[in-house]
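Worksheet: the structure to be examined is printed underneath.
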Amino acid sequence: NLLTNCLAVQRTKEAVKQETLDVILIFGWTPLMCAASVANFAVVRLLLDRGANACFQIDKYTVLMAACTAQASEENILNTVELLLSRNADPNLACRKQMTALMYAARKGYPRVVAFLVAHGSHINAQDENGYTALIWAAQHGHRNVILKLLELGADKNLQTKDEKTAAELAKINKHSEIFSLLSLAASHLQGRYHKTIEQEAICKFLTAVPDHRVGSYSPFDDMEVFLHGLGLEHIRGLLKEQDVSLRQLLTMQKDDLIQVSLLL
Numbered sequence: 104n105l106l107t108n109c110l111a112v113q114r115t116k117e118a119v120k121q122e123t124l125d126v127i128l129i130f131g132w133t134p135l136m137c138a139a140s141v142a143n144f145a146v147v148r149l150l151l152d153r154g155a156n157a158c159f160q161i162d163k164y165t166v167l168m169a170a171c172t173a174q175a176s177e178e179n180i181l182n183t184v185e186l187l188l189s190r191n192a193d194p195n196l197a198c199r200k201q202m203t204a205l206m207y208a209a210r211k212g213y214p215r216v217v218a219f220l221v222a223h224g225s226h227i228n229a230q231d232e233n234g235y236t237a238l239i240w241a242a243q244h245g246h247r248n249v250i251l252k253l254l255e256l257g258a259d260k261n262l263q264t265k266d267e268k269t270a271a272e273l274a275k276i277n278k279h280s281e282i283f284s285l286l287s288l289a290a291s292h293l294q295g296r297y298h299k300t301i302e303q304e305a306i307c308k309f310l311t312a313v314p315d316h317r318v319g320s321y322s323p324f325d326d327m328e329v330f331l332h333g334l335g336l337e338h339i340r341g342l343l344k345e346q347d348v349s350l351r352q353l354l355t356m357q358k359d360d361l362i363q364v365s366l367l368l
């Protein structure tokens with residue numbers, strides 16, 4: 104890594120001196136790509152200030168992706184990513200494998216970089232050519248803090264890869280038992296911050312807008328079905344019907360009530 108860093112700095116100095124900022128170096132990389140790949144913030148800023156192209160890509164691999172895979176301190180990577188985004192680097196571009204910068208950062212295990220990318224428009228549930236999301240990449244590699252951050256930001260833990268594996272299943276396959284437990288048991292309330300607001304808004308709307316005589320109905324496409332569908336909970340409709348639970352009752356249930364009707368373990 105030290106050798107790579109030194110080479111990147113040396114190539115950058117030569118490029119600045121010769122005013123060939125976007126010259127193609129080894130492997131088709133520019134000096135900016137080299138500097139970003141080791142998260143050398145000072146050199147990246149120098150090149151950008153001199154007119155280097157923050158949107159450069161080689162074979163669909165971008166400067167931003169190079170920064171997100173750097174072997175450096177997360178602080179340096181975060182600063183470099185922030186700088187590139189401020190110069191109009193697109194966080195949602197995908198490489199030939201359909202991986203985005205967010206997926207690369209999640210795979211490497213950089214929670215602060217992941218959070219920053221999502222805050223600046225990265226599509227959190229985007230999937231690559233194999234159906235992997237940022238969450239699935241983090242689960243496969245056992246990056247607990249990245250997983251916690253992604254769940255907090257609203258990542259969908261139920262998305263599957265092309266071979267029908269969820270993030271939890273891949274964590275189990277790769278022997279990340281703590282991650283498996285986290286995703287399979289605790290994720291429903293870790294996802295709370297982002298989705299809880301949506302759920303509460305939905306509950307308020309139904310409580311104020313749905314008349315009592317309609318809430319208790321179980322017609323084929325009734326309000327209960329619509330409500331559960333909106334929260335992704337269609338699978339519990341049969342259980343609610345068996346327990347003769349109306350929509351209004353469901354919306355006002357406490358934890359003990361939910362346990363009694365087997366909605367919580």
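Residues 104 to 368, numbered by this note's numbering, are exactly what the sequence shown covers, in order. Just so it is clear, CB atoms sit at the ideal spot from N, CA and C, and this is done for glycine as well.
query: If we count the other Cβ atoms within 10 Å of its Cβ and call it buried at 16 or more, is residue 348 buried or exposed?
result: Indexing the sequence shown from 1 puts residue 348 at position 245. Per the 10 Å Cβ criterion, buried.
- prompt: Which term fits residue 176, buried or exposed, when burial requires 16 or more other beta carbons within 10 angstroms of its beta carbon?
  reply: For the purposes of this step, residue 176 is taken as the residue at position 73 of the sequence shown. Residue 176 comes out exposed.
Sub-8 Å separation of residue 227 and residue 196 beta-carbons: The residue given as residue 227 occupies position 124 in the sequence shown. The residue given as residue 196 occupies position 93 in the sequence shown. Judged by beta-carbon spacing, residue 196 lies beyond the 8 Å limit of residue 227, meaning their Cβ atoms are not closer than that value.
task: Please name the residue, chosen from 165, 179, 178, 190, that lies closest to residue 205 on a Cα-to-Cα basis.
output: Position 102 of the sequence shown, counted from the start, is the residue given in the question as residue 205. Looking at the Cα atoms, 165 is the closest of the given residues.
- prompt: Are there 16 or more other CB atoms within 10 angstroms of the CB of residue 174, so buried, or fewer, so exposed?
  reply: Taking the first residue of the sequence shown as position 1, residue 174 is located at position 71. By the neighbour-count rule (16 or more Cβ atoms within 10 Å), residue 174 is not buried but exposed.
query: Are the Cβ atoms of residue 157 and residue 187 separated by less than 8 Å?
result: For the purposes of this step, residue 157 is taken as the residue at position 54 of the sequence shown. For the purposes of this step, residue 187 is taken as the residue at position 84 of the sequence shown. Yes. Within cutoff.
query: To which residues of the same chain is residue 261 closer than 7 Å at the C-beta, ignoring the five residues directly before and after it?
result: Counting from 1 along the sequence shown, the entry for residue 261 is found at position 158. Result list for residue 261: 269, in chain order.
message: Closest to residue 223 by C-alpha separation, out of 235, 202, 193, 231, would be which residue?
response: Numbered from its first residue, the sequence shown carries residue 223 at position 120. When C-alpha distances from residue 223 are compared across 235, 202, 193, 231, the shortest belongs to 193.
message: For a minimum of 4 consecutive residues, which ranges assigned as the alpha helix (DSSP H) are wholly contained in the segment 219-303?
response: For secondary structure counted as the alpha helix (DSSP H) over 4 or more consecutive residues, the segment 219-303 holds these complete runs in sequence order: 237-244, 247-255, 270-276, 280-284, 290-293.
field: residue 279 vs residue 234 beta-carbon contact at 8 Å
entry: Stepping through the sequence shown from its first residue, residue 279 is reached at position 176. Stepping through the sequence shown from its first residue, residue 234 is reached at position 131. Going by C-beta atoms, residue 279 is not nearer than 8 Å to residue 234.
- prompt: Run through DSSP, which three-state label would residue 164 get?
  reply: On the sequence shown, position 61 is the one that residue 164 refers to. In this structure, DSSP gives residue 164 an extended state, which the three-state scheme calls strand.
task: Could you check which residue in 229, 162, 210 has the C-alpha nearest to that of residue 198?
output: Translated into positions along the sequence shown, residue 198 becomes position 95. Nearest Cα to residue 198 within the set 229, 162, 210: 162.
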